[in-house]
Structures are given as structure tokens and as C-alpha cells.
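The sequence shown begins at 248 in our numbering and counts up by one. Don't be surprised by glycine CBs; every beta carbon is placed ideally from N, CA and C. Quick caveat, the model's predicted, so the values are computed rather than measured.
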Amino acid sequence: MDVGNCGFKAKIRAKARGSKIEVKTISSCDKIRKWSEKLGRELEVREITLPVNENPIYHAANRESNVCPPCPVLSALLLAVWVEAGYALRKPPQVIFESE
């Protein structure tokens with residue numbers, strides 16, 4: 248994925264394996280790499296539906312990893328694991344900025 252203004256790139260992979268989802272994020276951003284290491288390689292399916300303040304994907308993005316607040320990689324991974332779990336359709340999100 249093209250992350251946006253920062254110019255970094257990221258590749259997200261998610262694969263369902265029973266009650267777990269294997270995840271892997273590769274990025275040219277040091278902050279995303281640190282976040283990915285902290286998150287780990289596996290998520291429980293039951294964890295991915297937790298609210299943002301309890302969700303492990305967002306918990307790993309604390310001060311230690313220092314992920315930029317507008318970074319779309321976290322929400323992209325969350326969408327990918329939801330698709331793998333069968334909770335969301337495989338449809339890419341789109342943000343459109345309009346001039347007034």
C-alpha cells in the first residue's frame with residue numbers, strides 16, 4: 248500500500264488459520280516495523296473485534312513504537328484481518344478529499 252504523505256510503502260498479509268489469524272506487515276517505515284514486531288505474528292479472531300481502546304492492533308501503537316496518528320497501516324491491517332475472519336467484504340476503502 249502507498250501510505251500517503253510520508254512516502255513510505257507497506258505490504259500487509261493476513262491468513263486465517265482456525266481461531267487465529269497470521270499477520271505480517273513489511274514496511275519501509277521504522278515506526279511501522281517496530282509496531283509490527285510488538286504486535287507479533289498471530290492474532291486471536293476474538294481479539295480483532297475488540298473496541299479500539301482494547302484492540303491489540305492499536306495497543307501495539309503506543310509511545311514505544313511511536314506510529315504517526317494519521318498512519319493508515321493500522322486500520323488497513325484491521326480491515327485485512329476482518330476480511331480473513333469473514334467479518335468484512337474484500338473491498339478497498341477510499342478517502343476522497345474535496346475542495347470547497
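Buried/exposed call for residue i, threshold 16 Cβ in 10 Å
i           : result
residue 321 : buried
residue 345 : exposed
residue 336 : exposed
Beta-carbon proximity of residue i to residue j, cut-off 9 Å
i           : j           : result
residue 315 : residue 278 : yes
residue 260 : residue 270 : yes
residue 255 : residue 275 : yes
DSSP beta-bridge partners of residue i
i           : result
residue 249 : 256
residue 291 : 267
Cut-off 7 Å between Cβ atoms - residues of its own chain near residue i, not counting five sequence neighbours on either side
i           : result
residue 303 : 286, 290 and 294
residue 319 : 250 and 251
Beta-carbon proximity list for residue i, same chain, < 8 Å, skipping 5 on both sides
i           : result
residue 267 : 289, 290, 291 and 292
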